[in-house]
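K.L.:
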Amino acid sequence: MDGNGRWAKRRLMPRVAGHRQGVESLRRCIRACVERGVKVLTVFAFSSENWSRPEDEVSGLMELMGKALTREVPELRKNGIRLVFVGDRQGLSECMRQSLVQAENQTADNARMVLNVCFNYGGRWDIAQAAAKLAASGEPITEAALGGATALAHVPDPDLLIRTGGEQRISNFLLWQCAYSELYFSDKLWPDFDAAALDAALAAFAERERRFGKTSDQVAHQAVG
Ligand code: IPE
Ligand code: MG
689 MDGNGRWAKR RLMPRVAGHR QGVESLRRCI RACVERGVKV LTVFAFSSEN
739 WSRPEDEVSG LMELMGKALT REVPELRKNG IRLVFVGDRQ GLSECMRQSL
789 VQAENQTADN ARMVLNVCFN YGGRWDIAQA AAKLAASGEP ITEAALGGAT
839 ALAHVPDPDL LIRTGGEQRI SNFLLWQCAY SELYFSDKLW PDFDAAALDA
889 ALAAFAERER RFGKTSDQVA HQAVG
């Protein structure tokens, strides 16, 4: 969800105002995904590297997360959305950790869509923590075991990765899980990413041929269903 800061700057507003608008955009996107039958939506809300932003922006983002939880969890709960926080919780305040667990517990029985919120997340952190888990258990390090130890083992690998804001890079998001994801880059700033923009991304995705290492002919003759 990139581009909040620029959205605000263009309006001569503080960056945090852009993040506030970003939350609105996320609400809209969640609704649109549910309506379209998406089963898993994973968003990058705060990266391990975002701590190095100016102090007031970091505290603004933390405050926004706290407020969004209070306001949105009842709505998510009502709409059948299961909320899961993915990331390094040790770096978060005790109060924030409690709010995350509470929000997860309140939506744990929902099954319409999983909403993974990557918060204090980094793709490298995820791979390293998965490796550390295996090392501690003495389990042999295989692809399946490592994948199963990552922080997103409760959902399938993403089919589509959308980055807004015009930048064409992964920025330490889901490094392990995106091995075969289709990448889609939108020039829209995140607060401007609406249902029509989502549909454009889905339409582009529908045009892609996913081969997973096979040839185009093999894929064409594969039995469907
Ligand atoms: C949101 O956009 C990403 C978050 C870390 C919440 P940015 O804050 O990166 O916006 P730009 O890139 O400065 O426009
Ligand atoms: Mg940015």
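Per the working numbering, the sequence shown starts with residue 689, numbered consecutively.
No residue lacks a Cβ here, since even glycine has one placed at the ideal position from N, Cα and C.
Could you tell me the alpha carbon to alpha carbon distance between R899 and V907, rounded to whole angstroms?
P.N.:
To locate residue 899, count along the sequence shown from 1; it is residue 211. To locate residue 907, count along the sequence shown from 1; it is residue 219. The alpha-carbon atoms of R899 and V907 are separated by roughly 6 angstroms.
K.L.:
Just verifying my parser: in three-state terms, what is the DSSP assignment at I858?
P.N.:
Position 170 of the sequence shown, counted from the first residue, corresponds to residue 858. Coil at I858, not helix or strand.
K.L.:
Is V774 buried or exposed, if buried means 16 or more other CB atoms sit within 10 Å of its CB?
P.N.:
As a first step, residue 774 is located in the sequence shown; it is residue number 86 there, counting from the start. The residue in question, V774, is buried, as its Cβ has 16 or more Cβ neighbours within 10 Å.
K.L.:
Pick from E763, Y868, I718: whose alpha carbon is nearest that of V726?
P.N.:
Walking along the sequence shown from the start, residue 726 turns up at place 38. Cα-wise, what sits closest to V726 is I718.
K.L.:
Thinking just about the alpha-carbon of each residue, which of K755, P762, L890, G835 is nearest to the one in L863?
P.N.:
Along the sequence shown, one-based indexing puts residue 863 at 175. Taking only the C-alpha atoms, the option nearest L863 is G835.
K.L.:
Pull every residue with its beta-carbon under 7 angstroms away from any heavy atom of the ligand FMN, and keep them in chain order.
P.N.:
Looking at this structure, you won't find the ligand FMN anywhere; what it does contain is the ligand IPE and the ligand MG.
K.L.:
Which partner residues of N804 appear in the DSSP bridge assignment?
P.N.:
For the purposes of this step, residue 804 is taken as the residue at position 116 of the sequence shown. In DSSP, N804 forms a bridge with T730, V772.
K.L.:
Would you mind giving the Cβ-Cβ distance between D814 and T838, rounded to the nearest angstrom? I have them listed as a contact below 8 angstroms.
P.N.:
The residue given as residue 814 occupies position 126 in the sequence shown. The residue given as residue 838 occupies position 150 in the sequence shown. At roughly 5 angstroms, the Cβ-Cβ gap stays under 8 angstroms, so D814 and T838 are in contact.
K.L.:
Under a three-way DSSP split, which group does I829 fall into?
P.N.:
Position 141 of the sequence shown, counted from the first residue, corresponds to residue 829. Coil.
K.L.:
Can you tell me whether Q778 is buried or exposed? The criterion is at least 16 other CB atoms within 10 Å of its CB, across all chains shown.
P.N.:
If you number the sequence shown from 1, residue 778 lands on position 90. Exposed is the call here.
K.L.:
Rounded to the nearest angstrom, what separates K840 and F807 at their Cα positions?
P.N.:
Stepping through the sequence shown from its first residue, residue 840 is reached at position 152. Stepping through the sequence shown from its first residue, residue 807 is reached at position 119. It should be pointed out that residue 840 corresponds to Leu in this sequence rather than to Lys. If I take the Cα positions, the gap works out to 13 angstroms.
K.L.:
With DSSP collapsed to three states, give me the class of S787.
P.N.:
As a position in the sequence shown, residue 787 is number 99, starting the count at 1. Note: S787 maps to helix in three-state DSSP.
K.L.:
Compute the beta-carbon to beta-carbon distance between S787 and L757, rounded to the nearest angstrom, for a pair I have assumed lies under 8 angstroms.
P.N.:
Numbered from its first residue, the sequence shown carries residue 787 at position 99. Numbered from its first residue, the sequence shown carries residue 757 at position 69. Indeed they touch by this definition, with Cβ atoms about 5 angstroms apart.
K.L.:
Between which residues of its own chain and A885 is the CB-CB distance below 7 angstroms, once the five residues before and five after are set aside?
P.N.:
Counted from its first residue, the sequence shown places residue 885 at position 197. For A885, where only same-chain residues beyond five positions count, the Cβ hits under 7 angstroms are S874, K876.
K.L.:
Rounded to whole angstroms, what's the CA-CA distance from E870 to P846? Just pull it up for me.
P.N.:
Taking the sequence shown and counting its residues from 1, one reaches residue 870 at position 182. Taking the sequence shown and counting its residues from 1, one reaches residue 846 at position 158. For E870 and P846, the distance between alpha carbons rounds to 8 angstroms.
K.L.:
If you draw a straight line from the C-alpha of K697 to the C-alpha of E745, how long is it?
P.N.:
As a position in the sequence shown, residue 697 is number 9, starting the count at 1. As a position in the sequence shown, residue 745 is number 57, starting the count at 1. Cα-Cα distance, rounded: 14 angstroms.
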